[in-house]
DNA sequence: CTCAGTGTTCAGTG
DNA sequence: TCACTGAACACTGA
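In the working numbering, the protein residues as written are 48 to 325.
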């Protein structure tokens, strides 16, 4: 569930299921990579019998606030998700089809059962995700190293312009740098730059005040919208670049008929529209 | 068989 | 320090 909107969706799901409930059963997959070598015993000790006070998110990180520390923190990598019985799993644009609606789901890394019978599962098809224990997540790495979160603490237009000033980094890699903006990934960065009409290779510090304002505005608008539709891609406006960026076959054009081009920037495929992005 | 992918991190280079 | 590139990580599906 990688980018901010999907993780926020997961937070709301987890909040609905777990807040005010006590964890009665914990099952950890045998996976030293995802758990960074921390054994199941430690997770049991930390979680069983605990009350879930709140579910928090910052950027792409999610954690449960319990009545006793430490707290479990989850990062979903490229293919992780949060599931509960009877939910509708998010369909990834890059991996269509395949029936993932069963319970228990496949690739479960952490499974929690609550005192009211509710269940929550962290699933991950691959192993780029991480599940950790932290005493004070917001004040410890990796969460304390994150930049602003566009949903929680988006800077004012003035402060945003100041963040860009003097920086020589290209604007797209900067947007995706979690120390700058927490939660922005590849498709959101491309979408924001397309809608703000800015060339992804522009040095961040070269943006005019007006361009910086436009960029900030689109960042907010696009993330707000994606969160509002629960990160369900089919509910995002049809004019968005997102829907067309992976149409590899034939003419790649936006809903407005503009030609979409692709190149690699900072190791990631970048879709953009030269005709409108300057 | 090969390649790229909603992501992050580390080594090497300038 | 900043910032870029490429590779590594792991594994599936086109």
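Glycine residues also receive a C-beta, built at the ideal position from the N, C-alpha and C atoms.
Reduced DSSP category for residue i - H, G, I as helix; E, B as strand; rest coil
i, result
"residue 178", "strand"
"residue 319", "strand"
"residue 71", "strand"
"residue 144", "The predicted position of residue 144 is uncertain, since its pLDDT is 48 and thus under 50; no value can be drawn from it."
"residue 284", "coil"
"residue 258", "helix"
"residue 248", "coil"
"residue 56", "helix"
"residue 85", "coil"
"residue 274", "helix"
"residue 51", "helix"
"residue 137", "coil"
"residue 266", "helix"
"residue 113", "strand"
Enclosing beta strand (DSSP E) for residue i [first to last residue]
i, result
"residue 119", "118–122"
"residue 312", "308–312"
"residue 128", "127–130"
Candidates the options, of which the one nearest residue i by Cα
i, options, result
"residue 217", "241, 253, 324", "253"
"residue 261", "302, 225, 211", "211"
"residue 85", "120, 113, 70", "120"
"residue 191", "170, 229, 220, 208", "229"
"residue 308", "321, 241, 302", "321"
"residue 257", "207, 152, 236, 135", "207"
"residue 64", "80, 134, 88, 76", "134"
"residue 203", "149, 241, 259", "259"
"residue 328", "197, 225, 266", "Residue coverage of the chain in this structure runs from 48 to 325, which leaves residue 328 outside it and unanswerable."
"residue 223", "315, 53, 114", "315"
"residue 215", "198, 193, 250, 195", "250"
"residue 243", "233, 226, 268, 227", "268"
Paired residues, beta bridge with residue i - DSSP
i, result
"residue 235", "None; residue 235 has no bridge partner."
"residue 195", "228"
"residue 108", "105, 122"
"residue 365", "The displayed coordinates of the chain run from 48 to 325. Any statement about residue 365 would go beyond what the structure contains."
"residue 217", "250"
"residue 167", "159"
"residue 300", "306"
Segment limits, alpha helix (DSSP H) that includes residue i
i, result
"residue 161", "Where residue 161 is concerned, there is no enclosing alpha helix (DSSP H), although the beta strand (DSSP E) it sits in stretches over 155–161."
"residue 206", "204–211"
### Query
Counting Cβ pairs, one atom from each stretch, are 3 or more of them under 8 Å apart for the stretch 55–66 and the stretch 101–121?
The stretch 55–66 is in contact with the stretch 101–121.
### Task
For the stretch 166–181 and the stretch 270–284, state whether three or more C-beta atom pairs, one from each stretch, are separated by less than 8 Å.
These segments do not touch.
### Query
How about the stretch 66–73 and the stretch 283–290: do they share at least three Cβ pairs that are nearer than 8 Å?
Using a Cβ-Cβ distance cut-off of 8 Å, the stretch 66–73 and the stretch 283–290 are not in contact, since fewer than three pairs of beta carbons, one from each stretch, lie closer than that value.
### Query
Per the contact definition of three or more C-beta pairs closer than 8 Å, is the stretch 93–101 in contact with the stretch 226–243?
Contact annotation: the stretch 226–243 does not touch the stretch 93–101, with fewer than three C-beta pairs closer than 8 Å.
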